[in-house]
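Written below as structure tokens is the structure these notes are about.
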Amino acid sequence: MRSPAVCCLAVTLLGTSVATSAPPHGRVDFNRDVRPILSDNCYFCHGPDAGHREADLRLDIRDDALAGEAFVPGDAKASKLVARILSTDTDEVMPPPASRKKLTDEQKQILERWVAEGAEYAPHWAYRAPVRPETPAGMNPLDALVRKTLEANGLSPSPEADRRTLLRRLSSDLIGLPPTPEEVASFEADTAPGAYERQVERLLKQPQYGERMALGWLDVVRYADTIGYHSDTPRNVWPYRDWVIRSFNENKPFDRFTIEQIAGDLLPDANQETRVGSAFNRLLLSTEEGGAQPKDYESRMLTDRVRAIGAAWLGQTTGCAQCHDHKFDPITMRDFYSLGAFFADIQEPLVGRREEGMLVLSDEQKTRLAELDTRLQTARKAFTAIEPFLDVAQQQWEADFAAYNGVLAELKEGAKPSDADRKAAEQVLAILKKTDRSPAEQASLRTYFRDKVTPLYPAERQELVAATQERAGYEAALPHCLVSVSTPNKRVVRILPRGNWQDESGEVMQPGLPHYLPQPPKSDGPLTRLDLANWLVSRDNPLTARTVMNRLWKQFFGTGLSKTLDDLGAQGEPPTHPELLDWLACEFMDSGWDMQHMVRLIVTSQTYRQVSTASPELLAVDPANRLLARQSTFRIDAELVRDQALAVSGLLVPTIGGPSAKPYQPPGYWENLNFPRREYVADTGPNQYRRGLYTWWQRSFLHPSLLAFDAPSREECAADRNRSNIPQQALVLLNDPTYVEAARAFAGRILQSSASSDGERITWAWQRTLQRRPTDEERNALLELLEFQRGQYRDNPTAADALLKVGQAENPAGIPAPELAAWTHIARVLLNLHETITRS
Amino acid sequence: MNCLEPSRLARRAFLGSSTAAVGGAALAGLLSRSSAAAVGGTLSAPHHAARANRVIWLTMAGGPSQLETFDPKPKLAEMHGKPMPESLTKGQQLAQLQGQQLNCFGPQHAFKAFGESGIEICELFPHLGSVIDDVCLIRSMTTDAINHDPAHMFMNTGSQIAGRPSMGSWVTYGLGAEADDLPGFVVLTSLGRGGQNQPIAARQWSSGCLPSRYQGVQLRSQGNPVLYLTSPAGVSREAQGRDIATVGELNRIQQQRFADPEIETRIAQYELAFQLQASVPDLMNTSGETAETLALYGCQPGDGSFASNCLLARRLAERGVRFIQLYHKDWDHHGGVKEGVRLKAEEIDRACMALITDLKRLGMFDDTLIVWAGEFGRTPMSQGGSGRDHHNQAMSVWLAGGGIKGGMVHGASDELGYAAIENITTVHDLHATMLHLLGIDHTAFSVKFQGLDVRLSGVEGAKLITPILA
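Heads up: the sequence lines are chains A and B, in that order.
Sequential numbering from -8 applies to the first sequence in my numbering.
Sequential numbering from 22 applies to the second sequence in my numbering.
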């Protein structure tokens, strides 16, 4: 029975990009069917931007459209809108040819039907509060809602994947590492009910869960180790990255997670932890370029921040409203700049070097610092006690100097002081000759006497120097982090006409929230960042929960329910499953913004557990898997490609957090960096083998291995990543020393394993990499390669030695070099397989 | 044109010498496949007949002074040392000179008329002068940005916000590449000897919101010409080929099982990577060029100079690369503009002439568009008594080759060289005109990004610079 339904559906789907398009019968739905057409084709000239409106006609608001006599509800034939879109006269037809927009026949029919059915509008779906749809009891609501759409499209879900695939998928999605063959075997052997759920709980408890979850968040907040513009110099922010990881591991409620980032410094219970979270406000791009104008960069930083809030929480592309009212969404310039005004209190240089930032201390470090403070205070006290005696001695010395025509040591005949010392002594001499001395002169005289002249109280004075130095030295080596510090001297925020920072004629803006969204209760005094943060995660905000859940969905299915992760506005794609997105948003908020709860709900659903393979019929109907009649297959993210190779080879150092790591990088890759010129020095020792997310994130020259696999430079917020398939990826996996070394180390593991014959060893290695046995055909291909490479290295042992020197890891003792080199090729092939870097 | 011949030959040679010995069927398959992964374009056909098939864009990074290169200003010489008329400078954005006393700074080198067209350019550029009748000079270019990094971004992407595709990516995205064993968009950089080498970020050749296969690939003169191009130590070409063939064979088994088009692409990309490992070194090896050619450019193989990069640009053009962008740095003359430009002229003058001459000799000049441009111009006011600050109101750029009228000057700046006043042109106009020459209507060439129809030429107002079209 399934095939005819599938065929019928195929016809419907071909004409539109959205899988759940208007059924040929039934009413036209404004949000799903009409708004995308109007927005993309009409709003540019007949939309929210008053500064760019043609014929005084506005089509995004029904009353305005009626006032402009655009249509007669219920009477398509009498409606100008319909006549104009159907017109064949190039002067008449809408959209006009010059706009380069053209309606398809299907779009014209939809608009005609819509007018005939009464031209009803509906508020934009994403600006309405999400409503929790009814779902049947006794079933995962996600499955219920997905199946509803499947049934409406004549499809049924796919069966559950096998346990090996499930655990590979779960491990990749929850901790970003492959399972071991033993873990798969134990899961396969667990026949008791709840075996799958036990795996989920096991993985959620691992500290690597926080690392995995952090990947997407670090993209969307554009976390990086460097400032971005021009010299792209370093800054201190890595404690923020660790804060993100920790927050996910502690399952910090997402509302609190939000508040700490935007206003962690303003909380009544602000502490080191919440202040580190507030580093979010400092993650933007900045410049140290000479000639950079503060006003210019003040404007860049404001707009950068507004775009970040839009991308990370609101799913809104606010950037347009920097220069004009948004053309498709109701965001005005007022909204834009009043949102920017929330950040006017953040203390920071507009151009130039960032400060070191706040000290971020562990408990032990706090204790040690307190000890050093005590020592310093004691030393100061002792010194204070001797000061009167020193002053008396100084008076005596000055009197003697005057009486006996004294000469300072540096100025004596035969003395060879440095230029600086001589200059200082000359200044002191001048002061000595004066009777009327300024306080500054008194001070330098005192310093000179104590440092250079008197031999009194050496112990007290040395102790003060030592204590001061020890504390300063200890502190300098401690981690610092740029954080938000609020200053009462707020920057004045004006609307910048056409975005021009030199134009100071615009109205001054106070902090305010977008006018088209529910407003917070009125409060006394101006709104603060804390108000903004609270508003973002208030139950009334319709956007945040949907935006975050849409992104989360992508992590587990490869595509968001709306595939435009950064745009839930009029130009974004309406969700394929609007009820499902609403259900997720409501559940997220009602659960107290419990992220782990949502992750658990998703991964335990049957929808998630389906096979990712598809019949040719299903593939033809729904090639992009928008209807979710199966799971999706996709290449794993850049950082995870690295993690996997390190994990399989046994090189991975699983330390959580700390300063960013520097894996091998081609020499000269930073040649175009300047001010100052920099030499990249790869880490030695354990830090060389850290997970990908700890890689030093140089914005203007991101590590090329990460870049090849589509890691974003994080110069802008990136809600989504490409998933490209390019030759550079092959070059990286084949030739980057990281992967060559991993292959070499993996070969050592293979040869040291309990497997004894070549065939067994290949099976062992295959299972380590892919957690399944190779087929005979697969094993034979590797055996053939092994023979070839063995022959090569037998003939040319120096080549084997050269290969085995790539990287820093020691080779295991007792294995002949040609043998280890030959197996390195087998390991290398395994690490390069498409299946290895694919999650299915 | 046999532009792919050298690497095809290399492939055949390798095939002949090794397949028999190896006997690997998969390896033979790998080596016999060609153009498996050539980058296709998204435009099924050009919007109109193209006048140029490729672009060589010479970026003079740092912001060359128009006043010591292509825009003669006798009046400025007269006014040397006198205050700059406030009517010109009031309310304008300046970089390091903001808020300072502004005095005129006369041109530091003499100008001279060249060619039949008698166009006046600085006498430091006699070689370029010798081909000036092939060159179209625009003296009325303007830009929006005034700091290096945003100005490069604007010149490359038409936007000052990171994340937009660079022009080379746009062009490759539209037209694809002719080369099947080289990237479609290639970038080369060189340093000047004056020490003002401003940094250049990799985002300048990023594909932004376009697929990554359209991103520019930097060819480096030192070390590996393409990152990770060389096989690991101890791995011969044959051993590398066997590994890649085995990866392909195992992937193909997966492909038979799952019919995933991504696997098919993956196999093709490994094959292309293997081809690149041979074709790129072959491309970079200029030792086979005649002594006459090397003398024409004034370079030695592998010297990493701008001249060498110009020669490589020609070789890339011959091999079907669509967009070739050269960066020559060290034009940021806040001080010592006189000596600074002299050095730069020594570094680029002959090479620019050589590129034009060589392309003509090969019959490729008529369908290759050459553009010479910095990211902004420089002030007619003095900075520190010997230099000039960044400036966005007037700059000079030149074009030559496919579809460009030679021996002409378009537009003019005012008598002090402060602001463009006649036929004012913008970066968006330049982009629109470049696309036009490539057969692309800039208004119809867009990609959806964050809800917008993003275009290289911006949302509104870009116009073709028609007077310069042949």
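The beta carbon of each residue, even a glycine, is placed where N, CA and C say it ideally should be.
What you are looking at is a predicted structure, and each value in this text was computed from that prediction instead of being measured.
{"Check": "Let me check one thing: in DSSP terms, what residues is residue 474 of chain B bridge-paired to?", "Outcome": "B/469"}
{"Check": "I think residue 742 of chain A touches residue 814 of chain A, with their Cβ atoms under 8 Å apart; what is that distance to the nearest whole Å?", "Outcome": "6 Å"}
{"Check": "Which first and last residues belong to the alpha helix (DSSP H) in which residue 374 of chain B is found?", "Outcome": "358 to 382"}
{"Check": "Please say whether residue 484 of chain A and residue 898 of chain A have beta carbons closer to each other than 8 Å?", "Outcome": "There is simply no residue 898 of chain A to check, as chain A begins at -8 and stops at 831 in what is shown."}
{"Check": "How would you label residue 126 of chain B, buried or exposed, when you count the other beta carbons within 10 angstroms and need 16 or more for buried?", "Outcome": "buried"}
{"Check": "Quick one: what does DSSP say residue 404 of chain B is sitting in, helix, strand or coil?", "Outcome": "strand"}
{"Check": "Assuming the contact rule is C-beta atoms closer than 8 Å, residue 836 of chain A and residue 627 of chain A should be a hit. Round their C-beta distance to whole Å, please.", "Outcome": "Summary: the structure shown does not reach residue 836 of chain A, with chain A confined to residues -8 through 831, and so no result is reported for it."}
{"Check": "Rank A/42, A/239, A/636, A/243 by C-alpha distance to the C-alpha of residue 315 of chain A and give the top, closest one.", "Outcome": "A/42"}
{"Check": "To the nearest angstrom, how far is the alpha carbon of residue 21 of chain B from that of residue 707 of chain A?", "Outcome": "Residue 21 of chain B is absent from the model: chain B starts at 22 and stops at 491."}
{"Check": "Buried or exposed for residue 95 of chain A, going by 16 or more other Cβ atoms inside 10 Å?", "Outcome": "exposed"}
{"Check": "In this structure, what does DSSP give as the bridge partners for residue 477 of chain A?", "Outcome": "A/337"}
{"Check": "Using 8 Å as the threshold, is the C-beta distance between residue 441 of chain B and residue 404 of chain B below it?", "Outcome": "no"}
{"Check": "Along the beta strand (DSSP E) that carries residue 207 of chain B, what are the first and last residues, could you check?", "Outcome": "206 to 211"}
{"Check": "For the putative contact between residue 242 of chain B and residue 309 of chain B, defined by C-beta atoms under 8 Å, what is the C-beta separation to the nearest angstrom?", "Outcome": "Actually they do not touch by this definition, with Cβ atoms about 17 Å apart."}
{"Check": "Starting from the Cα of residue 791 of chain A, find the closest Cα among A/183, A/335, A/780 and give me that residue.", "Outcome": "A/780"}
{"Check": "Would you tell me roughly how many angstroms separate the C-alpha atoms of residue 104 of chain B and residue 121 of chain B, rounded to the nearest one?", "Outcome": "11 Å"}
{"Check": "Can you tell me the Cα-Cα spacing of residue 411 of chain B and residue 439 of chain B, whole angstroms?", "Outcome": "11 Å"}
{"Check": "Measure the Cβ-Cβ separation of residue 120 of chain A and residue 531 of chain A and say whether it is below 8 Å.", "Outcome": "yes"}
{"Check": "I want to see whether chain A comes within less than 8 Å of residue 283 of chain B, judged by CB atoms only; does it?", "Outcome": "yes"}
{"Check": "Could you check whether the Cβ of residue 13 of chain A sits closer than 8 Å to any Cβ belonging to chain B?", "Outcome": "Any answer about residue 13 of chain A is weak, because its pLDDT of 46 lies below 50 and its placement is not dependable; what the coordinates show is given next. So, not an interface residue."}
{"Check": "Is the CB-CB distance between residue 228 of chain A and residue 216 of chain A below 8 Å?", "Outcome": "yes"}
{"Check": "Beta-carbon within less than 6 Å of residue 338 of chain A's beta-carbon, same chain only, minus the 5 sequence neighbours each way: which residues are those?", "Outcome": "476, 478"}
{"Check": "If you follow the alpha helix (DSSP H) that residue 732 of chain A is in, where does it begin and where does it stop?", "Outcome": "728 to 743"}
{"Check": "By the three-class DSSP mapping on this structure, what secondary structure does residue 194 of chain B have?", "Outcome": "helix"}
{"Check": "Note down the Cα distance separating residue 62 of chain A from residue 23 of chain A, rounded to an integer number of angstroms.", "Outcome": "20 Å"}
{"Check": "If you draw a straight line from the C-alpha of residue 683 of chain A to the C-alpha of residue 471 of chain A, how long is it?", "Outcome": "22 Å"}
{"Check": "Buried or exposed, going by whether 16 or more other CB atoms sit within 10 Å of the CB of residue 130 of chain A?", "Outcome": "exposed"}
{"Check": "At 8 Å on the CB atoms, spell out the chain B contacts of residue 634 of chain A, in chain order.", "Outcome": "Going along chain B, no residue has its Cβ under 8 Å from residue 634 of chain A, so there is no contact; the nearest lies around 19 Å."}
{"Check": "Check whether the Cβ atoms of residue 190 of chain B and residue 235 of chain B sit closer than 8 Å, and answer yes or no.", "Outcome": "yes"}
{"Check": "Are the CB atoms of residue 800 of chain A and residue 642 of chain A within a distance shorter than 8 Å?", "Outcome": "yes"}
{"Check": "Are the C-beta atoms of residue 57 of chain B and some chain A residue less than 8 Å apart?", "Outcome": "With a pLDDT of 38 at residue 57 of chain B, under the threshold of 50, the modelled position of that residue is not reliable, and no figure is offered here."}
{"Check": "Cα separation between residue 37 of chain A and residue 87 of chain A?", "Outcome": "12 Å"}
{"Check": "Give, in chain order, every unbroken run of the beta strand (DSSP E) that is at least 3 residues long and sits entirely within the region 109 to 192 of chain A.", "Outcome": "none"}
{"Check": "Please decide whether residue 243 of chain A counts as near chain B, where near means a Cβ-Cβ distance under 8 Å.", "Outcome": "no"}
{"Check": "How many angstroms separate the CA atom of residue 474 of chain B from the CA atom of residue 165 of chain B?", "Outcome": "21 Å"}
{"Check": "Straight-line CA distance for residue 762 of chain A to residue 170 of chain A?", "Outcome": "8 Å"}
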